[in-house]
Amino acid sequence: MKKIRLVALREFFENMRTKTFWIGILFFPVVLILSIVIPKLLQDHKDARLYAVLDRSGWLLEAVEERAAFPDMEKLLRVIRDRLRDGSAMKGLPPGLEGQAEAIRDMSDEEISRAASTLTMLHASPEGQKILDDLPEEVAEMVKKSGEQLRRWYSGLSAKEARKFSRSLSRSLYERVDIAPGDETDPEAPFREALNEGRIFAYIVVGKDPIETSQGNKYVSNNLTDDALRNWFARFASEVVREKRIEREGIDEEVIRRIQTPVVFKAVQLTETGEETKVESVDKAMQFIPIAFVYLLWIAIFMISQMLLTNTIEEKSNRTIEVLLSSVSPTELMAGKIVGIALTGLTVVLCWVMFFVLTIKAAPAMNLEPPFDLTPLITYPKYLVSFVVYFLLGYLLYASLLVGIGSVCNSLKEAQNLMMPVSVMLMIPLFTMFPIVQDPNGALARVMTFIPLTTPFAMMNRAAADIPTWEYLVSGVLLLATIALFVWAAGKIFRVGILMTGKPPKLKEIIRWVLSA
Amino acid sequence: MDTSDGAYALELEGVTKTFGDHVAVDALDLRIPSGSLYGFLGPNGAGKTTTIRMIMSIIFPDEGRLSVLGHPRAEEIKDRLGYLPEEKGLYKKMKTGELIAYFGRLKGLDKRAARARARQLLDEYGLGEWHDQRCETLSKGMGQKVQILSALVHEPELVILDEPFSGLDPVNVELMRDLILDLKREGRTVIFSTHVMEQAEQICEYIFLINKGKKVLDGPIGEIKAGAGRSVKLEYEGDGRVLPATPGIARVHDAGMQAEVFLEDEADPQEVLKALVDKIRIRRWDISEPSLFEIFIRAVEGEDL
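In order, the protein sequences belong to chains A and B. In the numbering used here, each residue carries its 1-based index in the first sequence increased by 435. By the numbering used here, the letter at position 123 of the second sequence is numbered 112, and the numbering carries on one by one without gaps.
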């Protein structure tokens, strides 16, 4: 045991001096930081699209803006509420909301939606009044008191200001510039000029009668590959026009709305006791996080067991092996190497996990918005624990395969040939990553769970689902038994192979070594 | 040193090892007295390294009996053995001091003792300033020295050196020889192998000659030489082809300017010299015991080489 420890520690400290080790440690933090910082930088540097509208109908622009304000207002209120709840620094509430912090903090998502609709597109309609009556008193009070002020504030909100609340508001993305139309013969002239001078990104012309025909509608820009602004405007314009068309047919406004109300299916998950729980958007993101973890797990296992292989071959080809074998037995040597490199890998993986947790904790303070909300990873440690445990088990499994291969080869090139079947095996979890995450308790996922070579990946892959305890137990026992078998066989192969020079043996011979004595 | 293991540090009886169809070591008997300096001689591929590996329990004999320091398997007493393998490798990234201490610890020394001993050995053999240098910065000769030091760090009773002189320049050969003699003087049993006979001739008390896996000669070097007849070392100028034709000369190893000449048992060296001086110019005429090389050649003559 003492010798195993010595070999392991030497291995560990020597690996710490290699570049691979530090590249490995830095790999994940760099990827994580880049995936957060690059989109942010891109967005920060992508200016809001400035556009202008020549509205010849005289009413459509106003209607569109009123309508477009609704999702923005909804999102704004939600952001403000979440910040109030977090107690994180609120850099100035919008005017009119200063005294309303209490009311806003207690609003549910649904109340926010309804309040936002009365604040924007429905603010003057009888229907809006009805919604207001249904809302809890403080909320209704808030809307009545601050509505006007809030609307005015929003309509004057610049893209830059809007970004301080959220980058995904349409106001953060598009900002309208007022341009006076030219004379009757060529009203578009000032718009063209602005576009050519680069003062605006695009301008939109609305025809005289958009309800009757789309003729005369136009989107003019020098950049037609970025379609987002056109689609955004067209979507709201269509909604407005559709309502007007129905109205023109003499159908009551109330009826129109009812017709237009979309059919909604609430996403609900059953707990084990049969209770219904609402699926929050966070949970949906969480279902895709296993993919990232499977990928990380794969990289970690592959990198670390590869390290063991290289290291074994190196020791064999630089002939230190014989001196070592005069002091330790082959079994002790192999065990020491496997443990030493496991320590190395564990250090890398724990560094990743620590960095991950720190980033998640520090992100809000640094005003970073990661692409997903990652906080549940800390609150549900299942992911991180599975990651570390399955890393260790997966490593042991593949390490024992590779150390056996390494011991019979004299060069990396020879090893690559023998590695082929293992590499192919290792590719499978990458291909099944997406199907499994979509159906984490399906047949494919289950089959892969009970094939020991893919168990670590499959279980990580399914981490978002509720996996029956018996599956954990049975696959775990199978995996451990396979590891024990592999380590035992590797020991046999190592003992013979490590002193061999010349051509690597045929598979048949290797099998004979394992079975003999 | 420890004498409880008896008079022999090493005993082999009928030890045989085959690789596939090839018999590497064939029914070998050998006894090495404690405290002796024993040379394993033989051409490349004779079975020296295989024998040594079996002694070290790195591989195991197919047949026969081994006793190392009184134990049937070296595995049990690895900590009392020091081994320098034929193919020498170091951990390139480790510092020399660390490396020597590491092997010391593998041999059972505690951390502090291993470190102290590593420093002491490096100082003693003129490598003190390399203590904190990585092994990859060492020259070949220095690397070999570091390696042998790491085989000696735990003060082994039995030291086995496989081709310790290979690849060394004359200065380092000298150093290595002194080191081996030091070990012997300290009372350790030393076995070393070489395929260069002269090296063994200079320092060994005992030699063991092996060829094609079989023992050819074994015993104290003086006895072996005494039983081998007379030879004359000569230096000459002229046509060396006259040498074998001269009456009284049995065989010749002619190197061009120097030659080793073996006389027939009843020949008179004086007469032979007389016959030669007319044909070539003799610069040196030195009657002596035959060289190990000659002994070896003669011993294997009867077999198919």
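Ideal Cβ placement from N, Cα and C applies to all residues, glycine included.
- In the displayed model, Ile468 (chain A) falls within a helix according to three-state DSSP.
- Proximity of Ile756 (chain A) to chain B, defined by a Cβ-Cβ separation below 9 Å, is satisfied.
- Bridge partners of Ile196 (chain B) according to DSSP: B:Gly28 and B:Gly208.
- In the DSSP assignment, Ile149 (chain B) falls within the beta strand (DSSP E) that extends over Leu147 to Asp151.
- For Ile48 (chain B), the closest Cβ of chain A is nearer than 9 Å.
- For Pro22 (chain B), the enclosing beta strand (DSSP E) covers residues His11 to Pro22.
- In chain order, Val758 and Ser762 make up the part of chain A whose C-beta sits under 8 Å from the C-beta of Phe92 (chain B).
- Closer than 8 Å at the C-beta level to chain B, one finds these residues of the region 443 to 463 of chain A: Arg445, Glu449, Arg452 and Thr453.
- Per DSSP, reduced to three states, the secondary structure at Arg754 (chain A) is coil, with no helix or strand assignment.
- Per DSSP, the unbroken beta strand (DSSP E) holding Asp243 (chain B) starts and ends at Ile238 to Asp243.
- Judged by DSSP secondary structure, Val250 (chain B) falls within the beta strand (DSSP E) whose first and last residues are Gln247 to Leu252.
- Bridge partners of Leu476 (chain A) according to DSSP: none are assigned.
- Listed by position along chain B, the residues whose Cβ is nearer than 8 Å to that of Lys438 (chain A) are Leu95.
- DSSP places Val699 (chain A) in the coil class of the three-state scheme, outside both helix and strand.
- Distance from His143 (chain B) to Leu98 (chain B) at the Cβ level is roughly 6 Å; contact confirmed, criterion being Cβ atoms closer than 8 Å.
- Using a Cβ-Cβ cut-off of 9 Å, Glu750 (chain A) counts as an interface residue toward chain B, since at least one Cβ of chain B sits closer than that to its own.
- For Asp275 (chain B), no alpha helix (DSSP H) run applies; the uninterrupted beta strand (DSSP E) run containing it begins and ends at Arg270 to Ser277, by DSSP.
- When Cβ-Cβ separations below 9 Å define contact, Arg104 (chain B) makes no contact with chain A.
- In the DSSP assignment, Ala487 (chain A) falls within the unbroken beta strand (DSSP E) covering Arg484 to Asp490.
- Here Ile726 (chain A) is near Phe869 (chain A), since their CB atoms are less than 9 Å apart.
- Judged by their CB atoms, Glu576 (chain A) and Ala551 (chain A) are not nearer to each other than the 9 Å cut-off.
- Among the residues of the region 66 to 90 of chain B, those with a Cβ less than 9 Å away from any Cβ of chain A are Lys67, Asp68, Leu70, Gly71, Tyr72, Leu73, Pro74, Glu75, Glu76, Lys77, Gly78, Leu79, Tyr80, Lys81, Lys82, Met83 and Glu87, in the order of the chain.
- By the criterion of a C-beta distance shorter than 6 Å, Ala594 (chain A) is surrounded in its chain by Ala483, Ser607 and Glu610, once the five residues flanking it on both sides are discounted.
- Interface criterion not met: the Cβ of Leu744 (chain A) is under 9 Å from no Cβ in chain B.
- The criterion of a C-beta distance shorter than 9 Å is not satisfied by Leu19 (chain B) and Lys438 (chain A).
- Only Gln136, Ser139 and Ala140 from the region 114 to 144 of chain B bring a Cβ to less than 8 Å from some Cβ of chain A.
- Chain-order list of chain A residues neighbouring Met45 (chain B): Ser761, by C-beta distance under 7 Å.
- At least one CB of chain B lies nearer than 9 Å to the CB of Asn753 (chain A).
- For Leu847 (chain A), the nearest beta carbon of chain B is not closer than 9 Å to its own beta carbon.
- CA-CA distance, Asn845 (chain A) to Ile748 (chain A), rounds to 6 Å.
- For Glu52 (chain B), not one C-beta of chain A is nearer than 9 Å to its own C-beta.
- Following the DSSP letters along the chain, one finds Val872 (chain A) inside the alpha helix (DSSP H) bounded by residues Leu847 to Gln873.
- Taking each of B:Leu141, B:Glu2, B:Leu17 and B:Asp10 in turn and checking the Cα distance to Lys203 (chain B), the smallest one comes out for B:Leu17.
- Within chain B, no residue has its beta carbon less than 8 Å from that of Leu778 (chain A); the closest one is some 17 Å off.
- Under the three-state reduction of DSSP output, Thr7 (chain B) falls in the strand class.
- In this structure the region 937 to 952 of chain A does not touch the region 140 to 155 of chain B; the number of beta carbon pairs closer than 8 Å is below three.
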